[in-house]
Structure formats: C-alpha cells, structure tokens
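Q: For what it's worth, full-length UniProt numbering labels the leading residue of the sequence shown as 1, then goes sequentially. Mind looking over this structure? Questions follow.
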Amino acid sequence: MTLLITGGEVVGPTGRFAADVLVDGEKISALLAPGTGPADSAKTIDATGKLVIPGGIDVHTHMKLPFGGTFASDDFDTGTKAAAHGGTTTIVDFAVQRTGEVVQDGLAAWHALADGNAHIDYGFHMIIGGVDDDALKAMDQLVADEGVTSFKLFMAYPGVFYSDDGKILRAMQTARENGATIMMHAENGIAIDVLVAQALAKGQTDPVYHGITRPSILEGEATHRAIALAQVARDTPLYFVHLSASEALAEVAAARATGRNVFAETCPQYLYLTLEDQLGAPGFEGAKWVASPPLRPRDESHRDDLWRGLRTNDLAIVSTDHCPFCMKDQKELGLGDFSKIPNGIGTVEHRVDLVYQGVAEGKLSVERWVETIATTPARMFGLYPRKGVIAPGSDADIVLYDPNGRTTISAATHHMNLDYSAWEGVEIAGKVDTVISRGEVLVDRDGTYHGRKGRGRYLKRGLSSYLR
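This is the structure we're talking about:
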C-alpha cells in the first residue's frame with residue numbers, strides 16, 4: 001500500500017525543508033517536491049503546518065525489570081503502546097545477566113518477554129552483572145550472532161549489578177576487540193552505600209535522603225574513573241547513561257575535546273526536575289521521583305549545564321531510563337526506609353514532547369531536537385539509516401508533530417501502566433499529531449490507536465556509526 005504525506009516540513013540532519021513523503025509498504029520510497037506526489041496513492045495525509053520527523057528512538061528503557069523485590073510496572077505490551085502514543089517508534093531495552101547466570105539465558109528471557117507483545121520495533125542492550133570468562137566469551141557471541149552490540153556495566157549497586165574496576169577493565173578490553181560499546185552507570189556505589197547506612201542510622205529515612213546520599217561529586221568521580229579505564233583499554237567506546245551532574249559532564253567534555261570515544265545521554269528528569277521540588281515533596285510523595293542518579297539540587301548549575309551539553313553535543317542523546325513503579329504496593333516498599341524504594345521514573349510516553357519544550361523555550365533548534373531523539377540514537381546504536389531519518393530506503397517510521405498544538409501531561413490521560421505521573425500538570429507547547437511505524441498508522445490525528453501487540457519486530461543492530 002502507498003501512503004503520501006503532503007504539505008509538511010521534513011526535519012533531518014541536514015536541516016528542514018518542504019517536501020512530500022511517499023511511502024510504499026514499510027519503506028520510504030521518495031521525497032518529492034511539494035504537490036508532485038502520485039494522485040493514485042492509497043492514502044494521503046495532509047501535514048500542512050506540521051513537522052515531519054523520524055519516529056523517536058528511546059535507547060534506554062527497562063520493561064518488566066526486576067528491582068528491589070518487584071518488577072517495573074510496564075511490560076512490552078503496555079510500555080511500547082505508551083511509547084507509540086508519544087511518538088517513539090523504536091526502543092532499545094536492557095536484557096539482564098547477574099553473577100552466576102548465563103548471558104545467553106538472560107537474553108533469551110528478554111526475547112520471551114518481548115516476542116508477541118511489542119507494539120513497536122525493539123532491540124536489546126545486555127547488562128553484564130557478573131563479569132567472568134564465560135560472560136566475556138558471550139559478549140563476542142552476542143555481537144557476532146545476535147545483533148547485541150552494547151553492554152551495560154554498573155559502578156553502583158554493590159551486591160546486585162556492581163562491577164569492580166578490574167571487571168570493568170576486562171569487559172572494556174573485550175569490547176575493544178569485538179567493536180561493541182560499553183554503557184556505564186557511573187556512580188561510586190561503594191561510597192554511596194556508606195552514606196546511605198549513615199543516614200539511616202541517624203533516622204533520616206524520607207525519600208529526599210535518596211538524593212542527599214548520592215551527591216553529584218560521586219557521579220563525577222565515577223565518570224572520571226571509567227574514562228581512565230577506557231583509555232587503558234585502548235580507547236574502548238564508552239557511553240554514559242542517564243548523566244545528571246555538572247561534574248560528570250565536565251569529565252565527558254574534557255575527554256571528547258581530546259578526541260576520545262566518549263559519549264553520553266541525559267534524561268528529561270534531569271533537565272527539568274529538582275531534588276527540592278520533587279524528591280523533597282511532603283511526606284512520602286518524593287518517592288515518585290526516586291531514581292538513580294537522583295534529581296539534583298535546584299540552586300546548582302546542573303540543569304543549565306545539561307542543556308548546554310545538548311547544544312554542544314557533549315550530550316548526544318536524550319533517553320528516558322523508563323523504569324516505572326506504581327506508588328501502591330511498589331514505591332511503598334520504601335516507607336520508613338528510602339533505600340528500599342524501587343528506583344525508577346516513567347517517561348517513555350513523554351520524551352518527544354519534553355525535549356520539544358526545549359525548542360519552544362529557545363534552548364534547542366528543531367534540528368537538534370530531532371538529532372537527540374531519533375537520528376543520533378540510530379547512529380550511536382547501529383540502526384542507521386534503517387531508522388532515525390526521513391530518507392528513501394529507510395523504514396517508514398514517521399511522526400507528524402504539531403508545533404502549534406498543546407499537550408497537558410496527566411496520569412488521567414497517559415497510557416503507561418502507572419498510577420501517577422512524574423510530570424503531572426506539565427504543559428507542552430507542541431503535540432504529537434500522527435504516528436506511523438513501518439508505513440502503518442498507529443496513532444491518528446484524533447488520538448485513535450490502530451496498533452496491536454505483537455506487530456513490533458526485533459532489530460539486530462550493527463556497530464556504532466561513530467567509532468574509530
């Protein structure tokens with residue numbers, strides 16, 4: 001079936017321009033001068049006044065992740081449906097291996113969770129929680145055979161996912177040989193555990209102490225240390241997830257200034273929310289915003305620095321770290337002990353809008369918005385040019401975005417499996433209008449949903465486009 005999108009303004013890595021977009025089946029077949037498309041297309045969508053952008057790619061989600069005695073409340077059905085409503089047409093989730101487990105078994109478990117349930121296309125990174133000889137061999141096999149080309153390590157969470165410096169170095173050396181990217185959760189977990197124990201001993205149990213016991217300098221220290229280890233491993237490609245702190249950004253910027261293979265993402269919560277306003281909410285309300293790294297203090301420079309990092313490309317991508325837990329029966333596990341609150345915030349449905357608000361406020365260009373939410377994620381994680389661009393031959397993952405529309409975020413209207421919204425009442429000066437995945441309209445202009453579970457396909461990914 002052919003689909004013709006007319007009258008819109010296409011936004012891509014080379015700029016924005018008026019063009020009609022012709023889709024044939026699941027692929028974009030042509031970009032045409034306005035008004036020159038075939039008259040016999042099976043379906044035509046009028047995009048007048050709309051931005052025509054590649055479907056969003058969220059490369060950091062945790063569907064059904066086990067954490068803190070429970071599981072993330074979104075699975076691959078509810079989570080990917082919510083993503084589609086928000087203009088995201090591809091996710092890359094994290095399969096999990098822990099100490100003593102077989103890496104391939106962890107990957108198979110995540111395939112079982114996603115297969116037949118996903119509404120949009122998806123790929124996997126691999127969390128290596130137990131670095132040993134077998135895990136290192138498995139990294140080679142996943143790159144060669146499974147299309148898994150990125151591996152996440154943790155400098156936080158001792159006793160759960162934590163790797164010491166020696167294990168991190170070994171994994172980095174393996175990645176340098178097979179071409180994979182190491183993704184790093186950079187916080188000094190050993191020092192943080194000391195601060196947490198000291199706070200609890202003083203009776204400091206409220207959610208705000210989650211942030212106070214994870215100071216930004218310990219993210220900066222861990223970031224510096226990871227960059228040094230990557231240099232020892234012959235400049236292993238290194239990607240920092242959910243960067244939240246000015247100190248960490250300074251380390252990334254310094255490494256990039258010398259030409260290192262160092263990259264980073266941030267998340268909407270670190271661009272907008274604060275320790276005082278959210279984590280410090282009265283009573284137990286702050287539990288809604290418990291995530292790691294934590295929200296940073298309002299009167300420090302973190303948020304301004306992160307926006308600047310997005311403009312300078314020291315921060316390449318905005319992902320969500322989507323890992324929602326309901327207040328009822330999940331976040332409540334930490335009543336009386338902040339260290340037992342499951343860590344995570346639900347944002348997969350709102351990322352495209354929240355980053356566009358930066359455009360509305362003059363902090364980003366429209367082109368940079370598209371780069372951070374779609375094009376760079378595709379290039380960074382081996383999906384380009386199949387994904388991330390409006391171009392002939394690419395998958396017809398297309399979002400029509402209305403810059404004159406308005407969006408109000410609320411738990412009453414969101415589609416995530418979550419009993420609250422971390423973004424309740426936030427007003428966005430823009431609106432996702434129409435969402436198309438591989439040529440199929442998933443979300444119509446009137447909000448009607450046409451997708452279905454099981455239509456999403458697994459994506460075997462190549463190596464990063466940015467590596468030397």
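We put the CB at the ideal spot given by N, CA and C, even for glycine.
Measuring CA to CA, which of Asp419, Pro377, Ala360 is closest to tyrosine 401?
A: Checking every option, the nearest Cα to that of tyrosine 401 belongs to Ala360.
Q: Name the DSSP bridge partner or partners of glutamate 265?
A: DSSP lists Ile317 as partners of glutamate 265.
Q: Figure out for me which residue from Ala72, Tyr356, Ile373 has the closest Cα to the Cα of glycine 56.
A: Comparing Cα positions, the closest option is Ile373.
Q: Taking DSSP's pairing of strands, which residues face isoleucine 436 in a bridge?
A: Note: isoleucine 436 sits in a beta bridge opposite Ile398, Val441.
Q: Which residue's Cα is closest to the Cα of glycine 283: His85, Val232, Arg351, Asp337?
A: If we check each option's Cα against that of glycine 283, Asp337 comes out closest.
Q: Look up alanine 95 in the DSSP assignment and give the residues it is bridged to.
A: DSSP, once it has assigned bridges, lists Met126 as partnering alanine 95.
Q: Kindly indicate the opening and closing residues of the alpha helix (DSSP H) around lysine 137.
A: Start and end: 133-141.
Q: Helix, strand or coil for residue 487, going by three-state DSSP, please let me know.
A: Only positions 1 to 468 of the chain appear in the structure, and residue 487 is not among them; the question remains open.
Q: Have a look at Ile317, Val21, Tyr420 and flag the residue whose alpha-carbon is nearest the alpha-carbon of alanine 33.
A: Cα-wise, what sits closest to alanine 33 is Val21.
Q: When DSSP labels each residue in this structure, what does proline 54 get in the three-state scheme?
A: Strand, per DSSP.
Q: Counting C-beta neighbours from all protein chains within 10 Å, is the total for residue 476 16 or more, i.e. buried, or is it exposed?
A: Nothing can be reported for residue 476: it is not among the residues displayed for the chain, which extend from 1 to 468.
Q: Quick check: what's the CA-CA separation for valine 389 versus glutamine 357?
A: Between valine 389 and glutamine 357, the C-alpha separation is close to 21 Å.
Q: Helix, strand or coil: how does DSSP classify glycine 12 here?
A: Correct three-state label for glycine 12: strand.
Q: From the DSSP output, read off the bridge partner residues of aspartate 277.
A: Partner(s): none; aspartate 277 has no beta bridge.
Q: Of all the options Gly79, Val148, Arg452, which has the alpha carbon lying nearest to the alpha carbon of residue 476?
A: Missing from the structure shown is residue 476; the chain here goes from 1 to 468 and no further.
Q: Give me the DSSP bridge partner(s) of proline 66.
A: Partner(s): Phe71.
Q: Assign methionine 416 to one of two classes, buried (16 or more other C-beta atoms within 10 Å of its C-beta) or exposed (fewer than that).
A: Under this definition methionine 416 is a buried residue.
Q: Would isoleucine 5 and alanine 42 be called neighbours here (beta carbons separated by less than 8 Å)?
A: Their beta carbons are not under 8 Å apart, which means isoleucine 5 does not touch alanine 42 by this criterion.
Q: Buried or exposed: which applies to lysine 431, given that a residue is buried once 16 or more other Cβ atoms fall within 10 Å of its Cβ?
A: Counting Cβ neighbours within 10 Å, lysine 431 comes out buried, since at least 16 surround it.
Q: Given a cut-off of 8 Å on the beta-carbon distance, is the pair aspartate 299 and serine 246 in contact?
A: Against a cut-off of 8 Å, the Cβ pair of serine 246 and aspartate 299 comes out as no contact.
Q: Can you tell me whether DSSP reads serine 339 as helix, strand or coil?
A: Helix at serine 339.
Q: If I measure Cβ to Cβ from lysine 81 and keep anything under 8 Å in the same chain, skipping five residues before and after, which residues do I get?
A: Hits under 8 Å: His119, His415, Tyr449, Gly451, Lys453.
Q: The beta strand (DSSP E) that contains threonine 6, what's its start and end?
A: Segment 2-6, the beta strand (DSSP E) holding threonine 6.
Q: Using the rule of at least 16 other Cβ atoms within 10 Å of the residue's Cβ for burial, across every protein chain shown, is proline 38 buried or exposed?
A: Exposed: under 16 other Cβ atoms inside 10 Å.
Q: Can you check which of these residues, Lys64, Glu146, Lys152, Gly116, is closest to glycine 129 by C-alpha distance?
A: The candidate whose alpha carbon is nearest that of glycine 129 is Lys152.
Q: Check tyrosine 420 in the structure and name its three-state DSSP category.
A: Three-state result, tyrosine 420: coil.
Q: Of all the options Asn404, Arg445, Leu442, Asp444, which has the alpha carbon lying nearest to the alpha carbon of glutamate 427?
A: Here the closest residue by C-alpha is Asn404.
Q: Three-state secondary structure (DSSP) at isoleucine 28?
A: The answer is strand: DSSP assigns isoleucine 28 an E or B state.
Q: With a cut-off of 8 Å, do at least 3 Cβ pairs link the stretch 70-84 to the stretch 333-349?
A: Segments in contact, yes.
Q: Using a Cβ-Cβ cut-off of 8 Å (strictly less than) and excluding sequence neighbours within five positions of threonine 375, which residues of its own chain qualify?
A: Hits under 8 Å: Gly12, Pro13, Pro54, Tyr384, Gly388, Val389.
Q: Using DSSP's beta-bridge definition, name the partner residues of isoleucine 390.
A: Beta-bridge pairing links isoleucine 390 to no other residue.
Q: In the DSSP output, which residue or residues are listed as bridge partners for histidine 185?
A: Paired residues: Phe154.
Q: I need the DSSP call for phenylalanine 76, collapsed to helix, strand or coil.
A: Correct three-state label for phenylalanine 76: helix.
Q: Taking buried to mean at least 16 other C-beta atoms within 10 Å of its own C-beta, is lysine 331 buried or exposed?
A: It is buried - the Cβ of lysine 331 has at least 16 other Cβ atoms within 10 Å.
Q: If you follow the alpha helix (DSSP H) that leucine 383 is in, where does it begin and where does it stop?
A: That residue, leucine 383, is in no alpha helix (DSSP H); it is neither H nor E in DSSP.
Q: I'd like to know whether the C-beta atoms of histidine 60 and glutamate 265 end up nearer to each other than 8 Å.
A: Against a cut-off of 8 Å, the Cβ pair of glutamate 265 and histidine 60 comes out as a contact.
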